[in-house]
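Sequential numbering from 11 applies to the sequence shown in this note's numbering. Read through the structure below, which is laid out as structure tokens, and then see the notes.
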Amino acid sequence: MTSYSMIKVGNDYVVQANDKCILKVGSRRRAAQLISDATDMLNALAVVESPNTVPETPSPAREAPELP
Numbered sequence: 011m012t013s014y015s016m017i018k019v020g021n022d023y024v025v026q027a028n029d030k031c032i033l034k035v036g037s038r039r040r041a042a043q044l045i046s047d048a049t050d051m052l053n054a055l056a057v058v059e060s061p062n063t064v065p066e067t068p069s070p071a072r073e074a075p076e077l078p
């Protein structure tokens, strides 16, 4: 899971993901909203599971055709 945070740099706020700076914005409220949106999207992805497209058991082996 990605850890989001924000730090103040001068008059701006820098949004960080896992201690890596990813975005600079001028408003603390906007930085907090971006962190909230990113967290919500990641949580939504964690809930959705992809369907199992690979069968549990392998299909039977094909027989070689008989040659005349």
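Here a beta-carbon is modelled for each residue, glycine too, at the ideal position from N, C-alpha and C. On a predicted model such as this, the values are computed, not experimentally measured, just so you know.
Here's the rule: buried if 16 or more other CB atoms are within 10 angstroms of the residue's CB, otherwise exposed. What is valine 25? Counting of Cβ neighbours within 10 angstroms places valine 25 among the buried residues, the total reaching 16 or more.
Distance between alanine 74 and isoleucine 45 (C-alpha atoms, nearest Å): Roughly 59 Å separates the two Cα atoms.
What is the rounded straight-line gap between the Cα of leucine 52 and the Cα of serine 15? Distance between the alpha carbons of leucine 52 and serine 15 is about 15 Å.
Exposure of alanine 41, with buried meaning 16 or more beta-carbon neighbours within 10 Å: Buried, since its Cβ has 16 or more Cβ neighbours within 10 Å.
Quick one, are the C-beta atoms of aspartate 22 and lysine 34 less than 8 Å apart? Judged by their CB atoms, aspartate 22 and lysine 34 are nearer to each other than the 8 Å cut-off.
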